[in-house]
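All residue numbers for the sequence shown refer to the working numbering, where the first residue is 8 and numbers rise by one.
We treat Cβ as the ideally placed atom computed from N, Cα and C, and that holds for glycine.
Here's the structure we're looking at; comments come further down.
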Amino acid sequence: MIRQQILKIIASHNRFLIAGHIHPEGDSIGSQLALANLLGKMGKSVRIINADNVPKNLKFLPGQGRIETGLDFRKEQIEFDAAIVLDSPVLERIGKVRELIKNAYIINIDHHVSNERFGHINWTDHKASAAG
């Protein structure tokens, strides 16, 4: 049921903002890049915006250079139809990016037991070892 809701939002919207938690690690960055790649192949417009930079040990990942960080996202108006937050149990954990999505349609995809089920759609799989 939740998967179908997410697929319906993806099918009916064209512009997505993807975000993950502060101080990202492999699950957060990898999940964001994989989802952005999938949405891109579907013809969707995607921006990945995080509060913090990609860690040095993950700079080898294809596409990591497309991740916007820091204050880059304040330089212009960010237009998107829906936000997808990955690997973050609470909205506050995405740092300053939450200001961009505070009035947005939010899909929350996570695996943490502590997930607070924020957003309009929440898909949390506590049995999964990673959000990706």
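Please return the same chain residues whose Cβ sits closer than 8 Å to the Cβ of I56, not counting the five positions on each side in sequence.
Translated into the one-based positions of the sequence shown, residue 56 becomes position 49. Answer for I56: L24, I25, A26, I74, E75, T76, D79, F80, I85, V104, L107, listed in chain order.
Report buried or exposed for Q39, applying the criterion of at least 16 other Cβ atoms within 10 angstroms of its Cβ.
Against the sequence shown, residue 39 aligns to sequence position 32. So Q39 ends up on the buried side.
What did DSSP end up calling R54 once you bin it into helix, strand or coil?
As a first step, residue 54 must be located in the sequence shown, where it is residue number 47. Strand, per DSSP.
If you check the beta carbons only, do G126 and A58 fall under 8 Å apart?
The sequence position of residue 126 within the sequence shown is 119, counting from 1. The sequence position of residue 58 within the sequence shown is 51, counting from 1. No, the Cβ-Cβ distance between G126 and A58 is not below 8 Å.
Could you tell me whether the Cβ atoms of I13 and I113 are closer together than 8 Å?
Residue numbering aside, residue 13 sits at position 6 when the sequence shown is read from its first letter. Residue numbering aside, residue 113 sits at position 106 when the sequence shown is read from its first letter. Cβ atoms of I13 and I113: not closer than 8 Å.
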